Amino acid sequence: GSATAAGGIALHDFSGRLGEQRVHFHAMRLRDSLFLWVGAAPALASLAVAMCSPRDSVPVAASLLGDPSDTASACLAQRLGRCAEGRVWIRGDGFRGGGGKGRIGLGGAAPGGPGASSRGPPSKTKKQIFVSYNLQNTDSNFTLLIENRIKEEMMAFPEKF
1 GSATAAGGIA LHDFSGRLGE QRVHFHAMRL RDSLFLWVGA APALASLAVA MCSPRDSVPV
61 AASLLGDPSD TASACLAQRL GRCAEGRVWI RGDGFRGGGG KGRIGLGGAA PGGPGASSRG
121 PPSKTKKQIF VSYNLQNTDS NFTLLIENRI KEEMMAFPEK F
């Protein structure tokens, strides 16, 4: 992977073999947002954004590019869009529904873990998460592998996200 810090931008590329497929990831950390591209070949077929809303505990997601009936990018953006004190929180239970077990925080401790704040649930911020999911396979088991691979990388290199 590569990382560059120019004007508050950090780039990070990584990949992994998930099932039978090699999947590539490109993360671009900006000052107030994160852009994440997931795919097997160079394409930008979809783009979605998720951001925290002061009126809802679940991030609001919208499709910006591509077929609006393809919700993979929006679902992943929403899953990654848990904001806390300027950091992104990941929920480790797949893309759709479920509890919040397995959450990790970027640049900080997991809620309830060593170094975690005792102030209760994370406060909302305006951090935006842009996601482009460019894979044919949107099966929930496969998307969970995608999410877990992203979490592994975030835990290994939190400064790059």
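The sequence shown begins at 1 in the UniProt record's numbering and counts up one residue at a time.
Just so it is clear, CB atoms sit at the ideal spot from N, CA and C, and this is done for glycine as well.
As the structure is a prediction and not an experimental result, all values here were calculated from the model.
Take residue i as the anchor and find which of the options has the nearest alpha-carbon.
i      : options                        : result
Arg79  : Glu20, Asp67, Leu64 and Met51  : Met51
Ile129 : Asp67, Phe35, Phe157 and Ala45 : Phe35
Pro42  : Phe25, Leu18, Leu145 and Ser57 : Phe25
Thr71  : Leu30, Asn134 and Pro158       : Asn134
Pro158 : Gly19, Glu20, Met28 and Gln21  : Met28
Val23  : Gly81, Ser46 and Gly39         : Gly39
Val131 : Asp67, Ser46 and Ile146        : Ser46
So what does DSSP say about residue i, is it helix, strand or coil?
i      : result
Ala77  : helix
Arg103 : Because the pLDDT of Arg103 is 32, which lies under 50, any placement of that residue in the model is unreliable, and the number read from its coordinates should be weighed accordingly. In the structure shown, Arg103 sits in coil (DSSP, three-state: anything other than H, G, I, E or B).
Asn141 : helix
Ser117 : Only weak support is given to the placement of Ser117: the predicted model assigns it a pLDDT of 31, under 50, and the value that follows is read from those uncertain coordinates. Three-state DSSP puts Ser117 in coil, outside helix and strand.
Pro158 : helix
So what does residue i bridge to, in DSSP terms?
i      : result
Ala61  : Ala50
Gly39  : His24 and Asn134
Ile129 : Leu34 and Ala50
Gly16  : Val23
Leu11  : Met28
Asp56  : Ser53
Taking 7 Å as the limit between beta carbons, can you name the residues of its chain near residue i, skipping five residues before and five after?
i     : result
Val60 : Ala50, Met51 and Ser53
Check whether the segment 7-27 and the segment 146-154 are in contact - that is, three or more C-beta pairs closer than 8 Å. yes
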